[in-house]
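Going down the list, the protein sequences come from chains A and B.
The first sequence begins at -17 in the working numbering and counts up by one.
The second sequence begins at 172 in the working numbering and counts up by one.
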Amino acid sequence: MFKKLLAVSVLLAMTVSFAAAQSGKVTIRFFHRWPMEPRYSYFNQVVAEFEKQNPNIKIEMDSVVNDAYKEKIRVLISSNDVPDVFLSWSDSFAANLVKSGKVKSLNDMLAKDKAFASSFIQSQIKPFSFDGVTYGMPLTIDGKVFVYNKEMFAKAGITKDPKTWDELLKALDTLKAKGYAVPLLEGLSDAWAISHYQGTMFQRYLPAEVLAKDYAEATGEFTNPGYKVVLERFQKLVSYMGPNATSLSHTEVRNQFIAGKLPLIYLQLAEFSYINNAKSKPDFGYFNFPAFADGKGDPGLLTGAPEGFMMSNTSKNPEAAEKFYKFLLSKENMIKFVKDVGAPVAVIGAVNKDNSYPALMGAIDLILSVKGSMPWFDNAVNIKVADAFMRGSQAIATGDKTIDQVMADAQAAAKVVRSEAKK
Amino acid sequence: MISRRLRSTVEPIGFVLPCVLMLGIFVYYPLVQNVIYSFFRFSAFSPEKIFIGLENYRMLLKDGVVLTALRNNVRYAIVSVIVQVCWGLVLAAVLEDKALRRVSPFFRTTFFLPVVISISVICLLFGFIYSPIDGILNNFLTLVGLGSWARPWLGSGKTAIWATIAVSQWQSVGYVMMLFIVAIQKIPEELYEAAEIDGAGKLRRFFVITLPQVKEMFFVTSVITVTGSFLVFNEPYILTKGGGPGTSSMTLAVHMYQSGFFKDMMGYASTIAVVIFLISAALSVVQLKAFKSGED
């Protein structure tokens, strides 16, 4: 009996190892956050092309959507199962991944391959660099703007882009009076969508020094009364969104805008492509988040941060991974990316007249022309604080929590973060 | 002679060993490790762990979300026992009735079908059903003149948890029903015949014969559904995007997952896991005692 069992298991083990050895292929694991079109097809094509050019390298691609990606990449990084090449947001999100010690420094690679290093808009590499070490290179660059349906605005008699908070509210009131019951909408069930609003509003309203102190883990207190004012103003915006906002996702709301059922939406520049690729293609204009007349922050900044790729330093095949990494971010592929996906990228000259549309060219100009950029709120602060604001704001929107309760939660979260940062 | 004796002592161990090893490695070791982790503060991103004693448990007592989650789990358990166990038994009894023998295979399959569909697919499906824009539930209510009942089911703090619970009931009632059908089929036919001769009606036969005869199964299904209710994760995680809006549809398992992998408080997540373990263990013991299972 034992002999038989032993024989079978030995045979099994031999078959498995033989099969692995025989294939002789190097496998590179690639993980990103776009299981949806058009990016999914784009990455499939790029992977297929790479495998064709490198027959001994196999790319195992996997992808999950936004919020799930944030969680899954954290799980993978904390295990010893880090993908060879993977996507990361910038700033605190990247910093957290880097803290694991499993993200590869790109300094050597960039020093050796100057042409590759200099092919990017240099300001967009900084959000992936910590203490002089670069850990990621940007794929897309981004910014968040109010996008409006030109036809609806014209019909409502709004001829000027709102430049101040009061003008924005006036525009919303006008739209409402003209029969648009929901003049502005956001998918508040997506926590990150809330953080995009609030990040910008905090930046516009509070002095930069206060934000610098509060966003830092060791000193963040969030006791400035300005936060409460911003939450009150956010609540004011929510009051225009109708009763369904908390059960909708950002994608559903975007589709409403594309279908011409919504006059105004807060969108990322990278999302212009969805409008441009749609059949209905509403004619749209866009403007940066208006200034608060009583705000202390610089209204010239644009909220938005690049997303890019990182590599694992535990990779079994670092050369193959590096080869794939450079291929992913090569200018040829970035030109194809802009053409297929229609989102702005960080490689210089990849967005041009031949492969893009006027709004995208304008988006690049906007990013390059603004005084500076502010990372997404959920990337700028510790996630515990961001979570308190995001979930709290959902509860404010549903009427289950008051602004004071949410501020208390956020301050309590900041206290935990502070105590952890000190130890 | 010696070798045979040796063999007779070694052989049983050989058979038991894989099971013991598996249990040890995959059940007991993680369990103990988890309890140890709950005394530490650590990040998934760094190998460093800081011993903080009972700090995590202190935080747990002050954490309002735990209360919300616990309340939601209790709601889950109560509704699940009523709908899945009680209603499942009724369904099984009805389908096993002689009068329905011809059509019962069809209904059995239909009710059981949701059990074999992936929960992710079901949640997506119900996402559409509950959608405030063009969702069929609200449209249906409007159609039958109950338009005032239409609401953003998953987007309101008051209805989100109930809408989530409803999905679980729809999915799981077929499973419990199937278990009861098996149990009912094992009841000797003579008992029913005797009762029939004595003039007992269908309702009477159900209460006097079926119910006492499926007591064991009743116990098993209650344990399954109640402990399952305290472990529920997929439905709120997918349907309300992790227990939203706010934390209104949070359950313990979702709170644990988010504390660990979203807020990066791995030690605290372990603490919540310890609580979940204690609750489900305690519930099993209580139910074991209450039903005095195994003594029949």
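The beta-carbon is built from N, C-alpha and C at its ideal position, and this holds for glycine as well.
Fair warning: this is a prediction, and the values are worked out from it, not measured in the lab.
Determine the burial state of residue i: buried for a count of at least 16 other Cβ atoms within 10 Å of its Cβ, exposed for fewer.
i, result
"L420(A)", "Since the first residue of chain A shown is -17 and the last is 405, residue 420(A) is not available in this structure."
"R273(B)", "exposed"
"A3(A)", "Unreliable positioning characterises A3(A) in this predicted model, as indicated by a pLDDT of 46, which lies under 50. The coordinate reading is nonetheless provided below. By the neighbour-count rule (16 or more Cβ atoms within 10 Å), A3(A) is not buried but exposed."
"S209(B)", "buried"
"E360(B)", "exposed"
"D391(A)", "buried"
"I123(A)", "buried"
"G469(B)", "What is shown of chain B runs 172 to 467, which leaves residue 469(B) out entirely."
"D360(A)", "buried"
"Q429(B)", "buried"
"C190(B)", "exposed"
"W320(B)", "exposed"
"T180(B)", "exposed"
"I450(B)", "buried"
For residue i, which residues in chain B fall below 8 Å Cβ to Cβ?
i, result
"G59(A)", "The residue you asked about is not Gly; residue 59(A) is Ile in the sequence shown. What I59(A) touches in chain B: A215 and F216."
"I365(A)", "F433, K434 and D435"
"D172(A)", "K412"
"E19(A)", "Correct list: empty, because the minimum Cβ distance to chain B is about 17 Å."
"L199(A)", "Just to set this straight, residue 199(A) is Glu in the shown sequence, not Leu. By Cβ distance, chain B contributes nothing, its closest Cβ being about 12 Å from E199(A), past 8 Å."
"D49(A)", "K412 and G413"
"E402(A)", "R212"
Under a CB-based cut-off of 8 Å, is residue i close to chain D?
i, result
"R229(B)", "Reference to chain D is not applicable here, since the protein chains of this structure are A and B."
Measure from the alpha carbon of residue i to the alpha carbon of each residue in the options, then state which is nearest.
i, options, result
"E133(A)", "G354(A), F266(A), D322(A) and N38(A)", "F266(A)"
"Y228(B)", "G438(B), L192(B), V403(B) and P189(B)", "G438(B)"
"L69(A)", "K52(A), V333(A) and Y256(A)", "K52(A)"
"V399(A)", "S214(B), V206(B), I184(B) and V181(B)", "S214(B)"
"N315(A)", "M18(A), E301(A), G331(A) and P300(A)", "G331(A)"
"T281(B)", "L231(B), T381(B), S343(B) and E226(B)", "S343(B)"
"S217(B)", "F12(A), V47(A), E19(A) and L58(A)", "L58(A)"
"R11(A)", "V47(A), L283(A), P65(A) and A50(A)", "P65(A)"
"N414(A)", "A159(A), P17(A), Q35(A) and Y24(A)", "Here chain A comprises residues numbered -17 to 405, so residue 414(A) is not present and cannot be evaluated."
"L262(B)", "F448(B), F311(B), F377(B) and E182(B)", "F377(B)"
"R212(B)", "A453(B), A440(B) and V456(B)", "A440(B)"
"L249(A)", "I257(A), F309(A) and A275(A)", "I257(A)"
"A138(A)", "P281(A), V129(A) and L154(A)", "L154(A)"
"F204(A)", "Y222(A), E191(A) and S262(A)", "E191(A)"
"Q387(A)", "Q104(A), E214(A), N78(A) and K321(A)", "E214(A)"
"K476(B)", "V445(B), L459(B) and A365(B)", "Since the first residue of chain B shown is 172 and the last is 467, residue 476(B) is not available in this structure."
"S375(A)", "A175(A), G282(A), F98(A) and F254(A)", "A175(A)"
"A370(A)", "M389(A), T380(A) and G6(A)", "M389(A)"
"H178(A)", "H232(A), F98(A) and L244(A)", "H232(A)"
Going along chain B in order, which residues have a C-beta closer than 7 Å to the C-beta of residue i?
i, result
"D386(A)", "By Cβ distance, chain B contributes nothing, its closest Cβ being about 14 Å from D386(A), past 7 Å."
"Q376(A)", "G415, P416 and G417"
"D382(A)", "G328, G417 and S419"
"E53(A)", "F432 and F433"
"E168(A)", "In chain order: nothing, as chain B lies at least about 12 Å away."
Could you work out which residues of chain B lie near residue i, taking near to mean beta carbons separated by less than 9 Å?
i, result
"T296(A)", "Here the premise fails: no neighbours, minimum Cβ distance about 13 Å."
"D196(A)", "Those do not exist, as D196(A) stays about 18 Å from chain B at its closest Cβ, beyond 9 Å."
"R15(A)", "Under the 9 Å cutoff, chain B gives no residues; its nearest Cβ is about 15 Å from R15(A)."
"A379(A)", "G326, P416 and G417"
"D369(A)", "Q429, F433 and K434"
"R186(A)", "Those do not exist, as R186(A) stays about 25 Å from chain B at its closest Cβ, beyond 9 Å."
Along chain A, which residues have their Cβ under 8 Å away from the Cβ of residue i?
i, result
"V304(B)", "Note on residue identity: the sequence assigns Ile, not Val, to residue 304(B). Under the 8 Å cutoff, chain A gives N226, L230, E234 and Q238."
Determine the chain A residues that contact residue i at a beta-carbon separation under 7 Å, and present them in chain order.
i, result
"P285(B)", "By Cβ distance, chain A contributes nothing, its closest Cβ being about 23 Å from P285(B), past 7 Å."
"R176(B)", "Result: empty, since nearest Cβ-Cβ is about 16 Å, beyond 7 Å."
"P471(B)", "Residue 471(B) lies beyond the stretch modelled for chain B, which goes from 172 to 467, so this question has no answer here."
- Task: Taking only beta carbons into account, state which residues of the stretch 394 to 406 of chain B come closer than 9 Å to chain A, listed in chain order.
- Result: none
- Item | Members of the stretch 325 to 340 of chain B near chain A, C-beta cut-off 9 Å | L325, G326, S327, G328, K329 and A331
- Query: What residues in the stretch 233 to 255 of chain A bring their beta carbon closer than 8 Å to a beta carbon of chain B?
  - Reply: E234 and Q238
- 4-residue-minimum alpha helix (DSSP H) runs that sit fully inside the stretch 75 to 103 of chain A, ordered along the chain: 89 to 94 and 96 to 99
- Message: Output needed in chain order: residues of the stretch 409 to 427 of chain B with a Cβ under 8 Å from some Cβ in chain A.
- Response: T411, K412, G413, G415, P416, G417, T418 and S419
- Query: Which runs of the alpha helix (DSSP H) spanning at least 4 residues fall entirely within the stretch 408 to 433 of chain B, listed in chain order?
  - Reply: 423 to 428
- Query: In the stretch 235 to 251 of chain B, which residues sit with their C-beta less than 8 Å from some C-beta in chain A, listed in chain order?
  - Reply: none
- Message: Short of 9 Å Cβ to Cβ, which residues in the stretch 73 to 89 of chain A face chain B?
- Response: N78, L79, V80, K81, S82, G83 and K84
- Query: Which whole runs of the beta strand (DSSP E) in the stretch 253 to 277 of chain A are 3 residues long or more, in chain order?
  - Reply: 266 to 269
- Query: Taking a cut of 8 Å between CB atoms, which residues from the stretch 375 to 388 of chain B lie near chain A?
  - Reply: none
- Task: Enumerate, from N- to C-terminal direction, the unbroken alpha helix (DSSP H) stretches of 4 or more residues contained entirely within the stretch 94 to 160 of chain A.
- Result: 96 to 99, 132 to 137 and 147 to 159
- Message: For the stretch 253 to 287 of chain B, list every residue whose C-beta sits within 7 Å of some C-beta in chain A, in sequence order.
- Response: none
- Message: I'd like the ranges of any alpha helix (DSSP H) spanning at least 4 consecutive residues and lying wholly in the stretch 242 to 312 of chain B.
- Response: 259 to 266, 275 to 287 and 290 to 301
- Only counting runs of 4 or more residues, tell me where the alpha helix (DSSP H) segments fall wholly within the stretch 160 to 231 of chain A, in order along the chain. 173 to 187, 190 to 197 and 207 to 220
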